[in-house]
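To convert a position in the sequence shown, counted from 1, into the numbering used here, add 1.
Don't be surprised by glycine CBs; every beta carbon is placed ideally from N, CA and C.
None of these values were measured; they are calculated from a predicted model.
A short worksheet on the structure shown next.
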Amino acid sequence: MVIGKMEETLKQKIQELIREEIEIVPYNPSWPLLFEKEKEFLQQIIPENLIGKIEHFGSTAVSGLSAKPIIDILVEVKSLEETKSKIVPLLEAEGYEYLWRPTIGNEPPYYAWFIKRNSKGERTYHIHMVESDSELWIRLLFRDYLKDFPAESKRYDTLKKSLSKRFAHDRVEYTQQKTAYILNVTNKAIAYYQRD
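Spelled out as structure tokens, the structure:
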């Protein structure tokens with residue numbers, strides 16, 4: 002009975018999250034500083050033996066690129082099991098929301114995902130915690146390719162603005178509509194950075 006209620010509560014939470022408005026704003030030069038501030042905070046509250054590298058990724062990590070004003074942070078964890086038992090309680094005590102999220106679609110593998118909000122209830126950070134062998138690390142190649150090829154970054158900027166207008170309250174459809182583009186650019190990035 003309790004498990005059924007927990008599953009229902011999780012489903013309700015997910016439905017609320019995916020209906021939150023999508024807002025794309027012009028690039029804000031303070032985003033890298035906000036990342037550094039949050040990185041330092043995470044390093045202060047999480048024991049160093051539980052985490053490894055911490056990376057800024059997503060659109061806020063690409064200078065000049067419009068984005069949802071949410072800083073995406075990728076955190077290497079030694080163990081997802083330890084993350085559940087040791088890191089989740091620390092971050093929940095600091096007010097972060099926690100979800101066990103699938104990497105792609107609705108299928109495993111899963112990872113730990115945290116949302117941090119400001120005093121108005123607006124999302125400010127998404128913290129993605131994954132092990133070192135997670136396929137999510139490939140998102141850094143996508144980030145780097147957009148940084149190195151401004152014309153590609155501009156194409157992505159135009160696509161996101163268009164989709165955010167069409168799917169302002171449907172985060173799932175907004176994300177799905179970007180998928181083919183992101184996969185195409187990621188494949189270009191893999192070929193480019195592994196050409197040696």
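- The alpha carbon of V78 has as its nearest neighbour, out of S60, P48, E98, the alpha carbon of P48.
- With contact defined as three or more Cβ pairs closer than 8 Å, the segment 139-147 and the segment 119-126 are not in contact.
- Boundaries around E41 are those of the alpha helix (DSSP H), 32-46, since no beta strand (DSSP E) includes it.
- L75 sits close to E56, with the two beta carbons spaced by under 8 Å.
- Per the Cβ contact rule, the segment 52-68 is not in contact with the segment 94-102 (fewer than 3 Cβ pairs under 8 Å).
- In this structure, the alpha-carbon of L43 lies about 10 Å from that of I88.
- DSSP places D171 outside both helix and strand once states are collapsed to three, so it counts as coil.
- Put simply, of R140, I46, I71, Y28 the residue whose alpha carbon is nearest the alpha carbon of I116 is I71.
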